[in-house]
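Numbering (the working numbering), first residue to last: 10 to 266. What follows is a set of notes on a single structure, which appears directly below.
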């Protein structure tokens, strides 16, 4: 029930959904005064959502700082890689792997392994049932890429049932407690998603060191032009962050993180 309810909240609370609902309300409302207020509200929201410096600043406040490989002194038994956007598959019988929007997670996991920071890799997350049955789900395709880069297949562990972050943590915890009961773990996921992910694993009884990847925030200087000209990309970026904020609040409310 929680899974389907969370998806419904995602849809209703997204910035574009809010604007569409306001537009519909403004269209059907009879009061001219109320209609003007609705239009003004839409105008302000669009200005905020499309303001790239403001959106980048928000990401910079939310995302944890990047971690240099050289600053990691310990060796971890398992690097936990959360799936979701790792692979961009166009067809089931393709003979090569294409990285998705969050593919940087795969690269950072490889670098952690290659530099000896982690001994094993646990990839967690499900795909469509038929793909999982064929062993062509996202976790398997990501593993395929890691193996092609030189990671031995026997050092990769799979968890292929989790549909969301809560289940990533709960299902992975069972594997980790069974196979590495006193192990040290490092968590690899997108920087914007790290707070919720680390909180879920902590609630599941797994203490992790975080290694954020796939940063959205930027530290380049923004010009005055960036601040006054609406940027359509900013709306897409903000939708990602807003979605995460909603998810974090809901998870906090139900005690998942």
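Built from N, CA and C at the ideal position, the CB exists for glycine as well.
Nearest candidate by alpha-carbon position, reference residue 281, set 40, 159, 177: Not covered by the structure: residue 281. The range shown for the chain is 10 to 266.
With 16 other Cβ atoms within 10 Å as the buried cut-off, status of residue 132: Here residue 132 is buried, its C-beta having at least 16 other C-beta atoms within 10 Å.
Touching by the beta-carbon criterion (3+ pairs, under 8 angstroms), the region 68-82 and the region 202-222: The region 68-82 is in contact with the region 202-222.
Identity of the residue in 117, 249, 140, 65 nearest residue 89 by Cα: Of the listed residues, the one whose Cα sits closest to residue 89 is 117.
Residue of 208, 126, 26 minimising C-alpha distance to residue 58: Residue 26 is the option with its Cα nearest to residue 58.
Counted within 10 angstroms of its Cβ, other Cβ atoms place residue 110 as buried (16 or more) or exposed: Flag for residue 110 reads exposed.
Beta-carbon gap between residue 218 and residue 171 smaller than 8 angstroms: A distance of 8 angstroms or more separates the beta carbons of residue 218 and residue 171.
Which listed residue (173, 195, 158, 169) has its alpha carbon closest to that of residue 149: Cα-wise, what sits closest to residue 149 is 169.
Separation of residue 151 from residue 144, as counted between CA atoms: Cα-Cα distance, rounded: 11 angstroms.
Host alpha helix (DSSP H) of residue 153 (start-end): Bounds of the alpha helix (DSSP H) holding residue 153 are 147-157.
Euclidean distance between Cα positions of residue 53 and residue 251: Rounded to whole angstroms, residue 53 to residue 251 spans 17 angstroms at the Cα level.
CB contact flag (residue 162, residue 198, <8 angstroms): Taking 8 angstroms as the Cβ cut-off, residue 162 and residue 198 do not qualify as a contacting pair.
Burial state of residue 257 (16 or more Cβ within 10 Å): Counting Cβ neighbours within 10 Å, residue 257 comes out buried, since at least 16 surround it.
Rounded C-alpha distance that separates residue 97 from residue 164: Cα to Cα, residue 97 sits roughly 23 angstroms from residue 164.
Whole runs of the beta strand (DSSP E) within the region 102-138, excluding any shorter than 3 residues: Fully contained in the region 102-138 are the following beta strand (DSSP E) runs of length 3 or more, in chain order: 127-133.
Opening and closing residue of the beta strand (DSSP E) in which residue 38 lies: Counting along the chain, residue 38 falls outside any beta strand (DSSP E), and DSSP gives it neither H nor E.
Residue 47 versus residue 175 - alpha carbon distance: Take the alpha-carbon of residue 47 and the one of residue 175: they are about 37 angstroms apart.
Member of 191, 67, 139 whose CA lies at the smallest distance from the CA of residue 85: When the alpha-carbon of residue 85 is set against those of 191, 67, 139, the nearest one is in 191.
Beta-carbon gap between residue 127 and residue 195 smaller than 8 angstroms: Cβ atoms of residue 127 and residue 195: closer than 8 angstroms.
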